[in-house]
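Counting in the working numbering, the sequence shown runs from 678 upward without gaps.
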Amino acid sequence: MCGIVGVFEIDATPRQLREKVLAASGRQRHRGPDWSGIYVSPKAVIAHERLAIVGIDSGAQPLVSGDGLHVLGVNGEIYNHRELRRELDDYNFQTHSDCEVILALYRKHGADFLHRLNGIYAFVLWDEESQRYLIGRDPIGVIPLYHGRDDDGLLWVASELKAIEPLCRQVHLFPPGHLLDSRDGQIRRWYQPAWRAVECANQAAESTKLREALEAAVHRQMMCDVPYGVLLSGGLDSSLVASIAQRFADLRVESDDTEAAWWPRLHSFAIGLEGSPDLAAARVAAEAIGTQHHEFIYTIQEGLDALDDVIRHIETFDVTTIRASTPMFLLARRIKAMGVKMVLSGEGADEIFGGYLYFHKAPDAQAFHEETVRKLDKLHLYDCLRANKSMAAWGVEARVPFLDLEFIEVAMSLDPAAKMAGGGRPEKAILREAGEGLLPREILWRQKEQFSDGVGYGWIDALRDHADQQVSDRELAEAEQRFPLNPPLTKEQYLYRRIFERHFPSQAAAATVPAGPSIACSTPEALAWDESFQGMADPSGRAMRGVHQDSYQ
């Protein structure tokens, strides 16, 4: 995981910007502690903070083409880079970096190349010859990206809000699956898969085909030249990823499985309060899978002490995200201390397969499918943000095989009726069936837990109690006066908003955070499925009355 800063449309002398850009880049150096680089030209400045994962003996950024005409700053991983390198064999590659294929594709196809990439990325590309820049972000938004303009009208781009918020009068999220080409000046969507339309989600549900697609996705994303591991909560999604990864761990993906792996023993990591459901389940899963398992216990006080740092790093005041990010942030620190730089994680499966418990109330297949599409559209605001920034806070990269583009194409093209729960079938039954034989049945058919619940039910209760002590009744009653933009509705929301404001005081920063209660980041349409969902400000899975207790009946 790396960090990028780009400045474009420069009229002043770029040397005057160098110190500003270096300072901005330094505010996100935690994302890439291995090396720093900067490129300065009369019309563009690009800075990069590197976390070396692939091609560690080369690949320092910004990447520059052999003729010096094209410059690239990118945060991400291109999983199909080996295939692309073979296809682009007439290009003079300068490094072993997987991301350098972006320069080769631009040289051959101009701006029309993003559909060729299977990966997670955010990039800025400068064409010195044509004085043209491109800014792009991966289809789902696994990698964060922000853009804004300063008082002089310069365009700033960065991996994290904290890098450019102090400099810009306006700051916005750069939308996933979009590209900005300076030739037309428009941010346009380039990712338009057919499966978004329910009539195109018509493939027969075949658990064998689904399993093969997931195995291929996990295998692709294991490309790595450094020690890596898996996050293992003991839930279905992370356990499936861990089990599949274990099957491929003996061979090195970067050699097309022709060499022994450099670090063949797969390490798994879990965290929770003493006696948490996740820790117990992860223990069972790890023993069955055969990973070298590491279990970390945190205390409620340690979690509360970390809240300020968590909100500064994840750059949101969303309740669900903060509840789940805090133990993940603490876990990332322990993982980093063990020398691990990359982990595979299970984000995305709930959005694709309707794994959140309120999906039990979906009235029909069309409503179910439309909600999965809406959730994927919003995932960059929630789980992707949490996984990326919680890990990147300590220089660890999180990869998400369920959000692999080829896997998404298979899974989202399935007939949504086959994904629906009911009639004795739990949520994600098709995925559970695809995993038969990979996991013990008590893990494979374990009921869904919100991550913030699974680490220990006392965690959420403690956060509410802490907020009650920190925020007065009067403050909450006057919340709309202090926070006119999306005012908080509970004391817990108020507390997080107050901490966020201390680190990010501008209204523009607050506007980058999604509004309203984030009940599993569901939508008004989904909340209308059952009146018991309406009016809830608490997004915990335990609040889903009549679902968490009764969904398997």
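The beta-carbon is built from N, C-alpha and C at its ideal position, and this holds for glycine as well.
Collapsed DSSP secondary structure at Y1035 in the structure displayed:
helix
In the DSSP assignment, what are the bridge partners of A649?
In this structure the chain extends from 678 to 1230, so residue 649 is not present and cannot be described.
Which class does S1002 belong to by DSSP, given the choice of helix, strand or coil?
helix
When you compare only the Cα positions, how much space is there between I1029 and A1095?
12 Å
Any idea if Q923 is buried or exposed, counting beta-carbon neighbours within 10 angstroms, 16 or more meaning buried?
buried
For the pair the segment 835 to 847 and the segment 987 to 994, tell me if three or more CB-CB distances fall below 8 Å.
yes
Rounding to the nearest angstrom, what Cα-Cα distance links E1119 and R1109 in this structure?
11 Å
Would the beta-carbon of C1061 fall within 8 Å of that of E1104?
no
Among L1082, Q1043, K1018, which residue has its Cα nearest to the Cα of A1075?
K1018
Measure the C-alpha to C-alpha separation of L850 and D815 and round it to an integer number of angstroms.
13 Å
Indicate the three-state DSSP secondary structure (helix, strand or coil) for A874 in the structure shown.
coil
Using beta-carbon positions only, say whether L802 and Y823 come within less than 8 Å of one another.
no
Could you check what DSSP says for D804 in three-state terms: helix, strand or coil?
strand
Near R695, what residues of its chain come up, given a Cβ to Cβ distance below 8 Å and the 5 sequence neighbours on each side ignored?
I715, V717, V722
Count Cβ pairs between the segment 1062 to 1071 and the segment 995 to 1003 that sit closer than 8 Å; are there 3 or more?
yes
Whole runs of the beta strand (DSSP E) within the segment 819 to 846, excluding any shorter than 3 residues:
823 to 827, 832 to 835
Express the C-alpha separation of F1045 and I1107 in angstroms, rounding to a whole number.
15 Å
From the DSSP output, read off the bridge partner residues of E726.
G680, S713
Taking C-alpha atoms, which residue in K1168, K1066, L908, D858 lies nearest to D804?
D858
Start-to-end residues for the alpha helix (DSSP H) that takes in R1179:
1168 to 1180
Please name the residue in I687, L1080, L943, L1008 whose C-alpha comes closest to that of A1070.
L1008
Rounded to a whole number of angstroms, what is the C-alpha to C-alpha distance between D1080 and A1088?
Looking at the sequence shown, residue 1080 is not Asp but Leu. When rounded, the distance between both Cα atoms is 10 Å.
One or two residues paired with D858 in a DSSP bridge
L811, Q863
State the start and end residues of the unbroken alpha helix (DSSP H) segment that holds N752.
It is not in any alpha helix (DSSP H) - N752 instead sits in the beta strand (DSSP E) that spans 747 to 755.
Among E951, D986, D985, G980, nearest to E972 - alpha-carbon criterion:
E951
Strictly by DSSP, which residues pair up with A937?
L928
So T772 packs on G830, CB below 8 Å; how close in whole Å?
No, T772 and G830 are not in contact; Cβ-Cβ is about 34 Å, not under 8 Å.
Assign R846 to one of two classes, buried (16 or more other C-beta atoms within 10 Å of its C-beta) or exposed (fewer than that).
exposed
G1099: which of F1036, V1148, E1083 sits nearest, CA to CA?
F1036
For L1091, which residues does DSSP report across the bridge?
Q880
Quick one: Cα of D985 to Cα of E979, how far?
12 Å
So what's S1067 in DSSP terms, helix, strand or just coil?
helix
Indicate whether A965 and G911 have their beta-carbon atoms separated by less than 8 Å.
no
Anyone know if the C-beta pair for E1169 and A1187 falls short of 8 Å?
no
Going by the DSSP bridge assignment, what does H944 pair with across the sheet?
G906, Q969
Please check the pair H758 and V778, which I expect to be a contact at CB under 8 Å, by giving their CB distance rounded to whole angstroms.
5 Å
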